[in-house]
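Presented below is the structure to which this report refers.
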Amino acid sequence: MRLRAVLSLVALGVVLVPAAPAAAASDALGPTARGHGGTAFGPTARGYGGAVATVDKVATAVGIDVLRKGGNAVDAAIAAAATLGVTEPFSAGIGGGGFFVYYNARSGRVQTIDGRESGPASMTKDWFIDPADGKPYDFNEGRVSGLSVGTPGTLATWESAARKWGTKPLSQLLQPGARVAENGFPVDATFRQQVTDNQAIFGQFDSSRDLYLPGGQPPAVGSTQKNPDLAATYRLIARKGTDVLYKGAVGRDIVRTVQHPPVSATPIGEWAYPIRGADLRMSDLANYRLRYPAPTRSDYRGLTVYGMTAPSSGGVAVGEALNILERTDLSAASRTQALHQYLEASALSFADRNRYVGDHTAQWKLDRLISDGWARQRACQIDPAHALTKPVPPGDLTATGCTPAPVGGQVEEGQSTTNLTVSDKWGNIVEYTFTIEATGGSGMVVPGRGFILNNELTDFNFAGTQGDAPDPNLPGPNKRPRSSMSPTIVLQDGKPYLALGSPGGATIITTVLQLLVNRIDLGMTLPEAMAAPRASQRNSAGIQAEPAFHTQYGPGLEALGHTFGPDVPELGAATAIEFGRNGRVIAAAEPSRRGSGAAAVEFSR
Numbered sequence: 003m004r005l006r007a008v009l010s011l012v013a014l015g016v017v018l019v020p021a022a023p024a025a026a027a028s029d030a031l032g033p034t035a036r037g038h039g040g041t042a043f044g045p046t047a048r049g050y051g052g053a054v055a056t057v058d059k060v061a062t063a064v065g066i067d068v069l070r071k072g073g074n075a076v077d078a079a080i081a082a083a084a085t086l087g088v089t090e091p092f093s094a095g096i097g098g099g100g101f102f103v104y105y106n107a108r109s110g111r112v113q114t115i116d117g118r119e120s121g122p123a124s125m126t127k128d129w130f131i132d133p134a135d136g137k138p139y140d141f142n143e144g145r146v147s148g149l150s151v152g153t154p155g156t157l158a159t160w161e162s163a164a165r166k167w168g169t170k171p172l173s174q175l176l177q178p179g180a181r182v183a184e185n186g187f188p189v190d191a192t193f194r195q196q197v198t199d200n201q202a203i204f205g206q207f208d209s210s211r212d213l214y215l216p217g218g219q220p221p222a223v224g225s226t227q228k229n230p231d232l233a234a235t236y237r238l239i240a241r242k243g244t245d246v247l248y249k250g251a252v253g254r255d256i257v258r259t260v261q262h263p264p265v266s267a268t269p270i271g272e273w274a275y276p277i278r279g280a281d282l283r284m285s286d287l288a289n290y291r292l293r294y295p296a297p298t299r300s301d302y303r304g305l306t307v308y309g310m311t312a313p314s315s316g317g318v319a320v321g322e323a324l325n326i327l328e329r330t331d332l333s334a335a336s337r338t339q340a341l342h343q344y345l346e347a348s349a350l351s352f353a354d355r356n357r358y359v360g361d362h363t364a365q366w367k368l369d370r371l372i373s374d375g376w377a378r379q380r381a382c383q384i385d386p387a388h389a390l391t392k393p394v395p396p397g398d399l400t401a402t403g404c405t406p407a408p409v410g411g412q413v414e415e416g417q418s419t420t421n422l423t424v425s426d427k428w429g430n431i432v433e434y435t436f437t438i439e440a441t442g443g444s445g446m447v448v449p450g451r452g453f454i455l456n457n458e459l460t461d462f463n464f465a466g467t468q469g470d471a472p473d474p475n476l477p478g479p480n481k482r483p484r485s486s487m488s489p490t491i492v493l494q495d496g497k498p499y500l501a502l503g504s505p506g507g508a509t510i511i512t513t514v515l516q517l518l519v520n521r522i523d524l525g526m527t528l529p530e531a532m533a534a535p536r537a538s539q540r541n542s543a544g545i546q547a548e549p550a551f552h553t554q555y556g557p558g559l560e561a562l563g564h565t566f567g568p569d570v571p572e573l574g575a576a577t578a579i580e581f582g583r584n585g586r587v588i589a590a591a592e593p594s595r596r597g598s599g600a601a602a603v604e605f606s607r
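Here's what the structure looks like:
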């Protein structure tokens, strides 16, 4: 959530007040703002009925309003997601894709939708290889081009979820977002900084410059950001259906933008690379299909943890790491030893994730990686007294014992994305992570349509990373790039216990894993687990950590042989809901990261 000036959503009947400075991390409600009906908006909210947690107050208010008017969790999640496409346009929107995880209270089942973007039918493994010299493009050369744009899956996800599990039509759920886009919202420091960080990129395209660089500069804090083109696009989709994107006029504009990027004749600033078009066609949009795979499932200390399967690596990596950790009683260990085990398990799971997980990974390999037997084979490498040398090699799926395979590889991913967590009074839950990949995506706003296109195809490895072994994440026709998105739902004795997720590229996996360890093993309340300092070990030589983590735990971990890379200001921007007895819920978002998040419940305690 961004700490905004007073924002009146007249059409919703909700008035939001800026949050006060954060109190103690364990404060039951934290800083709050009050909407109508006594609803509290702040990093943490406790109460009964439905709950919503997002990174943005406006989106949370929209979701709560839908719940209050009789909608279910799916309805509220879609409406909130469409609003995030307006207020968080550099992280998500209908130009991107994501993974939707749903718990059905009536059946007790967890189901998923894979709305990940797919590459064009003409895509080859050399998609990101420069034919002039046979070398991979630099990341930003690939990103800011048509080469990076995959067929968007977000809108199809919303339509499918609404039809399968919702109670309201998509046409109705798009209206709050359309109103916010039309009326505008106040620009805050986070929004302005994200534009500033992308100024050189946005300045290359007329459509992006006109929307986000008024007068040639990022919008001023406190100014009103409107997006009439996106409002019109939402309303066009509401009238004509999603075929207008996958088979109609909006789709033709997407294809035109990818094939012929709207490069300005008078750009703002310089860009070091040529901006290339790519071969995305209307047939790629028309042939796009959602997938409905079974979720990953692992058991952890009596809890059942469900996540997203390939092409997301999140469910497999989190599940493998939890299985490794389950072999140690973290609650009885010192904090240094517990964190040592967490970091080592994360490194091992990332080694295996990088080696084996991709869009076409065989199911037996995924099952093996998340099995208890595999966890025993990997956990035996962890020495309580000494950190493993990083990067660790992946395990050999056909071997037994502690024999590692001879090759390894590392993957870097973008740091954008957004996440929301929603429940309703009937007990249904949505955990939804969606993205346009890097903050600002490809940098290209579709002219006249108001949304940014993804750069999701840069989540493929540009060239092989596995030596002589096959790389599961090379580009290919109609293939979906590997993701780290980790929307997670945890059940206890078949009933909801916790739902959580986060943005953050490859750090999503470690953020979700650390939150689970904090809450389940280390005795923290959910708000405390959310506020605790974070560190991410993704099988790299140095741990990526927030300054508070490095200061507090660095000396003890360094004594065990861990090394740290440069500190980063923040890792992740999680949302979560915990479910207690008699319908009681705790909804939690970040107290400070990414400007702080917004959580609310239908009925405060």
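Be aware that the sequence shown starts at 3, since it is given in the working numbering, and climbs by one per residue.
For glycine and all other residues, C-beta sits at the position ideal for the given N, C-alpha and C.
Per DSSP, the bridge partner or partners of residue i
{"i": "ASN421", "result": "THR435"}
{"i": "ASN106", "result": "ARG111"}
{"i": "ILE131", "result": "PRO138"}
{"i": "TYR50", "result": "ARG586 and PHE605"}
{"i": "LEU345", "result": "Note: LEU345 sits in no beta bridge, so no partner."}
{"i": "VAL223", "result": "According to DSSP, which records beta bridges pairwise, VAL223 is partnered with nothing at all."}
{"i": "ILE491", "result": "TYR308 and ALA501"}
{"i": "GLU572", "result": "Answer is none; GLU572 lacks a bridge partner."}
{"i": "GLY360", "result": "According to DSSP, which records beta bridges pairwise, GLY360 is partnered with nothing at all."}
{"i": "PHE207", "result": "VAL265"}
{"i": "GLY253", "result": "None; GLY253 has no bridge partner."}
{"i": "THR159", "result": "Its beta-bridge partners do not exist; DSSP assigns none."}
Nearest-angstrom Cα separation, counted from residue j out to residue i
{"i": "ALA589", "j": "ALA75", "result": "14 Å"}
{"i": "LYS71", "j": "GLN174", "result": "12 Å"}
{"i": "LEU31", "j": "THR126", "result": "For LEU31, the predicted model reports a pLDDT of 22, less than 50, meaning its position is unreliable; a value from the coordinates is still stated below. Near 51 Å, if we compare the C-alpha coordinates of THR126 and LEU31."}
{"i": "SER1", "j": "LEU341", "result": "The question about residue 1 has no answer here: the residues shown for the chain are numbered 3 through 607."}
{"i": "SER598", "j": "ASP569", "result": "20 Å"}
{"i": "GLU604", "j": "GLU548", "result": "34 Å"}
{"i": "TRP80", "j": "GLY563", "result": "In the sequence on display, residue 80 carries Ile and not Trp. Distance between the alpha carbons of ILE80 and GLY563: 46 Å."}
{"i": "LEU247", "j": "SER542", "result": "40 Å"}
{"i": "GLY611", "j": "THR420", "result": "The structure shown has nothing for residue 611, since the chain only spans 3 to 607."}
{"i": "ARG595", "j": "PRO220", "result": "22 Å"}
{"i": "ASP281", "j": "LEU86", "result": "29 Å"}
{"i": "GLY506", "j": "PHE207", "result": "26 Å"}
{"i": "TRP376", "j": "TYR358", "result": "13 Å"}
{"i": "ASN456", "j": "PRO154", "result": "8 Å"}
{"i": "ALA107", "j": "PRO295", "result": "19 Å"}
{"i": "GLU143", "j": "TYR275", "result": "6 Å"}
{"i": "ALA349", "j": "ASN520", "result": "18 Å"}
{"i": "GLU458", "j": "ALA401", "result": "34 Å"}
{"i": "ALA53", "j": "GLY224", "result": "29 Å"}
{"i": "GLU592", "j": "THR512", "result": "16 Å"}
{"i": "GLU439", "j": "THR467", "result": "21 Å"}
{"i": "THR553", "j": "GLY95", "result": "37 Å"}
Start and end residues, beta strand (DSSP E) containing residue i
{"i": "TYR302", "result": "298-302"}
{"i": "ILE579", "result": "577-581"}
CA nearest to the CA of residue i, picked from the options
{"i": "GLY469", "options": "LEU528, PRO483, ASN356 and LYS481", "result": "ASN356"}
{"i": "LEU500", "options": "PHE581, ASP426 and GLY452", "result": "PHE581"}
{"i": "THR298", "options": "VAL246, LEU371 and TRP273", "result": "LEU371"}
{"i": "LYS655", "options": "PHE43, TYR50, GLN219 and PRO45", "result": "Because the chain in this structure spans residues 3 to 607, residue 655 falls outside the shown range and cannot be described."}
{"i": "ASN325", "options": "ALA381, ALA296 and LYS59", "result": "ALA381"}
{"i": "PRO230", "options": "THR400, PHE453, ALA465 and THR56", "result": "PHE453"}
{"i": "VAL189", "options": "PRO472, GLY136 and THR89", "result": "THR89"}
{"i": "PRO91", "options": "GLU161, SER336, PHE101 and LYS228", "result": "LYS228"}
{"i": "ARG451", "options": "GLU560, TRP129, THR259 and SER147", "result": "THR259"}
{"i": "GLY271", "options": "ASP199, ARG237 and ALA234", "result": "ASP199"}
{"i": "ARG329", "options": "ILE115, TYR302 and ARG482", "result": "TYR302"}
{"i": "LEU215", "options": "TRP167, GLN554, GLY136 and PHE193", "result": "PHE193"}
Range covered by the alpha helix (DSSP H) that runs through residue i
{"i": "PRO154", "result": "Per DSSP, PRO154 belongs to no alpha helix (DSSP H) and is neither H nor E."}
{"i": "LEU238", "result": "230-242"}
{"i": "PRO178", "result": "177-185"}
{"i": "THR192", "result": "191-199"}
{"i": "ARG380", "result": "374-381"}
{"i": "THR513", "result": "509-518"}
{"i": "ASP77", "result": "75-89"}
{"i": "LYS392", "result": "Unbroken run through LYS392: none, as it is neither H nor E."}
{"i": "THR169", "result": "From DSSP, THR169 is part of no alpha helix (DSSP H); its letter is neither H nor E."}
{"i": "ASP398", "result": "No alpha helix (DSSP H) holds ASP398; DSSP gives it neither H nor E."}
Discussion item. List, from N- to C-terminal side, the beta strand (DSSP E) runs of 3 residues or more that fit wholly inside the segment 256-327.
Written reply: Taking only runs of at least 3 residues, the beta strand (DSSP E) segments lying wholly in the segment 256-327 are 298-302 and 305-309.
Worksheet item: Residue ranges of each beta strand (DSSP E) run of no fewer than 3 residues wholly in the segment 428-489, ordered along the chain?
Response: As far as the segment 428-489 is concerned, its whole beta strand (DSSP E) runs of at least 3 residues are 431-437.
Worksheet item: Which full runs of the alpha helix (DSSP H) of 4+ residues lie inside the segment 537-566, going along the chain?
Response: Scanning the segment 537-566 for uninterrupted alpha helix (DSSP H) segments of 4 residues or longer gives 549-560, listed from N- to C-terminal end.
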